[in-house]
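Residue 224 in the working numbering sits at position 228 of the sequence shown; the count goes up by one each step and never skips.
Here's the structure we're looking at; comments come further down.
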Amino acid sequence: MFRLLSRTLFFLGLANLALGVKREDFKTCAQSSFCQRNRQLAKEAASNSSPYSVIANTLQFQDSVFKADILNQKNNVKFALQVFFLENNAVRIRINEKAAIKPRYDEAKNHVLVKEPTLKSPKTLTGKENQGQEFSISYSDGLYTAKIHFSPFKIDFSSEAGPILTLNERGLFNFEHFRTKVEPKEGEAPSEEGLWEESFKGFTDPKKNGPSSISVDVSFHNFAHVYGIPEHASQLSLKTTAGEAHQYDEPYRLYNLDVFEYEVDNPMALYGSIPFMVAHRKGSSAGVFWLNSAEMWVDVAKDNKGSHTHWIAESGLADIFVFLGQEPKSVLKQYGDLTGFTALPPAFSLGYHQCRWNYNDQEDVKGVDAKFDEFDIPYDVIWLDIEHTDGKRYFTWDQNKFTNPIEMQKNLAIKGRKLVNIVDPHIKRDDSYYVYKEATQKGYFVKDPSGNDFDGWCWPGSSSWVDYTLPEACKWWASLFKLDKYAGSTEALYVWNDMNEPSVFNGPEITMQKDRVHHGGWEHRDLHNMYGFLFHRSTADGLVQRLDINRRPFVLSRAFFPGTQRVSAIWTGDNTATWEHLKISSPMLLSISLAGVSFSGADVGGFFGNPEPELLTRWYQAGAFQPFFRGHAHIDSKRREPWLFGEPYTSQIRTAIRNRYHLLPYWYTLFFQNSFDGVSPMRPMFVEFPEDELCFGMDAQYMVGSGLLVSPVTEAGVTETKVYLPESAIWYNYFSLAPIPSGWQTVPSPADTIPVFLKGGSILPKRNRIRRSYALMMNDPITLLVALDSKGHASGHLYLDDGDTYAYLQDNFAYRHLTFNGAQLTNSAVERNNFDVVNPLAFSPKLPAKLTPSEFEDSLKSVRVEQIIIVGIKKAPAKVICTKCGREIDFKFIPELNQLIIKDPKLNAVQDWTLELQ
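So, in structure tokens, the structure goes:
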């Protein structure tokens, strides 16, 4: 009763003070029967061989698919095995019940995969059976072999260099088949606890068809590091959870939950779940993705033979993809080919976002907006939390606080700025509220087991949740964002989807009961981790479709799942204003980015609490070099807009935010590349330096693209920072452009500076002029920063489009390749056959009129190159000539800095040209 009362007070806004995560509200593995059963199996596996065997006389290998039956020799239950060899060199393994008493959930693939994977040509595969004991298939032009062992069942993946990965090496594969409950006879022992029903903190979870879990072990041979399976507040290289010297007592849990003020260095489940793991060692990378939207636990053990993982899912089926490559980028590309790449965001969304719970009223918004201008701090978006609504009814406004929301948005739009409103998935149960009334009449809500609309508690009080597995409900939800439907909205309004794990205040683990019912009769347990993604996608579809010419959406989500990258941004949830939360933000974002969701960030300053000025400044410095850049704060925290702490902090924060705006052309180019290559703009060191073993465990420093190394300061009172600059490259201080020796270095990091380094061999596009918002900078000139490598060479890219619509899908964009070979700097178009522009939507958007190449070039004629800075050049040229126009270009050489500065060469950024140094 006390717990329910506390929750009630909390959502009524009468007890908003956070007290830290209540770990007792969330299950441990020992309190989850399916996790406990399979973990016990792992303990017993050493003395018991796996009972699962391939029935040799059932195997078939044709049309790039291996098929066979598997028998569990303990109970004679059969399973269907299918191994698909895919065009992108991935391998898909599907295992399902052969004759189930009812179908198992297999709908996740329809939402996560961008299309049905294409099979490889059978001509590229070689299959061979070995004396009824195993079957080997050679693929990827003979580079890799998959060997299916019959008894016991396991699958080895190897190359000529040796073994890489094995499924079921330790015999932990376990598939609990659906069954009909048989009551024990008199004198017989009752069924094992948790098979048909289990309880947690007063909630009972009935299981109509008994236990349904699946587990499989995956061994990565000779890999000391494995990464991924976010979201967890832990280091990038996964810690061990099993074995004698394990570092965590609990497995990593994947179960989307509302865990406010979460602890750091902990494998607890958080807001998002991506069951994708990457392993890397010199010369070889591997990835495993289990397409399953149910709750999952993952154990990690390590020894001198490699990393051994144990994956346990509550329900669904085994649908596992294996990716192999010689370096990480190839594995990330294979994963992205299947689940999609990060959608190219609207340009404004890469700028700075200002948010708190809550800006009080329209005058408050106006005042904050004016203060940014007064203090000469750029920003692009201001946000409104739940208090802007009429009684937590989304798509409405509190008319006393926001008397003219259209005027408010228009005043922001004059400066190129946007507004974001929160729209959560819980719908207030109020017959006078049009959203609730329509959804009720149409039957669009999730049901309880009796067939009634599910009634739970969240911010509005009694609430229901839309069932986004129902296609008609998704279309209806999207229609709510039309400008004539969402009163008070304009095209400058974008959306924030919070609480979408889903968070249910009076539910077990603060979420929806697993036996709630979705479209098709599927239980919530089968698709829980996917719910937030489906909600997020439906909202984004609404923003895309609300205008005659479709624009790219910006929708921030807290929950995420594979496929979220095709929609929009996410953030790491309700963090805290502490140094340890600032420190953990980098490995968390690196892990999320590595799992494909590139457009991600952490609340700058920490959501809960009141950051000291030094912490807030350092957080702004870090946030400026992370993909999504938003300041946010809890309703009970003190106001902390960038100017409120006075000098020197205001200037330091202003500098940090302006650093972001200088580099937005680089960030935008990286996001365009990410939209077809799967490599996040923010990436772990080992992704860029796959042969440097010192980089494999690093997460305190990271790369932005291939050109910048960033090492945020995450401790108080620090004035020096120890960084590692890989010896395979030449390095320069990004701000001073002075050369820096490679290797471990201790560098100055005073309060106004974040250590950032420019890799030799890079060309970065920048904009030197900072305006009120990035929308006002889109047609400003470009500066090219050219950092030479040991050979005196450098290269880079620049991407430009309208920053807003999907016109880029019809080639209305400029993608330029910039190269310097020691004597010539060349700007040329990237050949279209070297990349593939991908439509991230499930439908074809309405596009503006297509411009001819000359018309498009004319639209960007103001985007000239106003300055070129070449660093690392040994001597001054006699002259610099534009070969196309036949004229000399003025320059300045600074010998003590080895810098050549070419000012205003009068060159267009989107035209071909060459500058020759003579």
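Virtual Cβ for every residue (Gly too), placed ideally from N, Cα, C.
Note that the structure is a prediction, hence the values are computed from the model and not measured.
Query                                                                                                                                                                             : Result
Measure the C-alpha to C-alpha separation of P623 and S345 and round it to an integer number of angstroms.                                                                        : 10 Å
Taking the alpha-carbon of R542 as reference, which of S475, T237, L530 has the nearest alpha-carbon?                                                                             : S475
Which residue comes first and which comes last in the alpha helix (DSSP H) that contains M584?                                                                                    : 575 to 590
May I ask you to verify whether the segment 873 to 888 touches the segment 776 to 794, counting CB pairs closer than 8 Å and requiring at least 3?                                : no
Can you look up L837 in the DSSP assignment and give me helix, strand or coil?                                                                                                    : coil
Below 8 Å, can you find three or more Cβ-Cβ pairs linking the segment 789 to 804 to the segment 392 to 408?                                                                       : no
Under 8 Å by Cβ, that's how I've got E519 and D511 pegged, so tell me the actual separation to the nearest angstrom.                                                              : 6 Å
Closer than 8 Å is the cut-off here; do at least three beta carbon pairs connect the segment 595 to 615 with the segment 565 to 575?                                              : yes
For T507, which beta-bridge partners are listed by DSSP?                                                                                                                          : S499
Going by DSSP, name the residue or residues bridged to E143.                                                                                                                      : Strictly speaking, residue 143 in this sequence is Lys, with Glu absent from that position. In the DSSP output, where bridge partners are listed per residue, K143 has S132, D152.
Excluding the 5 residues flanking I97 on each side, which residues of the same chain have their C-beta closer than 6 Å to its C-beta?                                             : F174
Take A52 and list the residues in its own chain whose beta-carbon comes closer than 6 Å to its own, dropping the five residues that flank it on each side.                        : G128, F146
Going by C-alpha distance, which of K579, Y770, G792, D295 is nearest E240?                                                                                                       : D295
Give me the Cα-Cα distance between I898 and L590, rounded to the nearest whole angstrom.                                                                                          : 38 Å
Examine the Cβ distances between the segment 232 to 251 and the segment 190 to 210 and report whether three or more of them are shorter than 8 Å.                                 : no
Cβ of P159 within 9 Å of Cβ of N85?                                                                                                                                               : no
Spatial neighbours of N34 within its chain, please: CB distance less than 7 Å, with the 5 preceding and 5 following residues excluded, ordered by chain position.                 : N170, S209, S211, I308
Do F595 and Q561 count as a contact pair if the criterion is CB distance below 9 Å?                                                                                               : yes
For the alpha helix (DSSP H) containing M681, name the first residue and the last one.                                                                                            : 681 to 684
Just the Cα atoms here: how many angstroms apart are E182 and T122?                                                                                                               : 57 Å
Write down every uninterrupted run of the beta strand (DSSP E) in the segment 742 to 772 whose length is 3 residues or greater and which is fully enclosed by it, in chain order. : 752 to 755, 758 to 762
Tell me the rounded alpha-carbon separation between D152 and S215.                                                                                                                : 9 Å
Quickly, what does DSSP pair Q36 with across the bridge? List them, please.                                                                                                       : Paired residues: none, contrary to the question.
Name, in chain order, the residues that DSSP records as bridge partners for H793.                                                                                                 : H813
The beta strand (DSSP E) spanning E687 covers which residue range?                                                                                                                : No beta strand (DSSP E) contains E687, which DSSP labels as neither H nor E.
Please state if the CB of V462 and the CB of A483 are separated by a distance shorter than 9 Å.                                                                                   : no
Fully enclosed by the segment 214 to 241, which beta strand (DSSP E) runs are 3 residues long or longer?                                                                          : 221 to 224
Taking all protein chains shown into account, do 16 or more other C-beta atoms lie within 10 angstroms of the C-beta of R828, making it buried, or fewer, making it exposed?      : exposed
So C470 is in the alpha helix (DSSP H); what residue range does that whole segment cover?                                                                                         : 467 to 475
Taking contact to mean 3 or more Cβ pairs, one atom from each stretch, closer than 8 Å, check whether the segment 321 to 332 and the segment 758 to 776 are in contact.           : no
Considering only their Cβ atoms, is the gap separating P374 from Y730 smaller than 9 Å?                                                                                           : no
Looking at L415: is its Cβ nearer than 9 Å to the Cβ of V377?                                                                                                                     : yes
Considering only heavy atoms of the ligand NAP, does any lie closer than 8 Å to the CB of W909?                                                                                   : What this structure holds is no ligand at all, so the ligand NAP is not there to describe.
My understanding is that R626 touches H242, with C-beta atoms under 8 Å, so please give their C-beta distance in whole angstroms.                                                 : Between H242 and R626 the Cβ distance is about 36 Å, and since that is not below 8 Å, they are no contact.
Tell me the start and end of each unbroken beta strand (DSSP E) in the segment 249 to 314 that is at least 3 residues and wholly inside, in chain order.                          : 272 to 277, 280 to 286, 292 to 299, 302 to 309
As a quick exercise: from H304, R548, F75, pick the residue whose alpha carbon is nearest that of K842.                                                                           : R548
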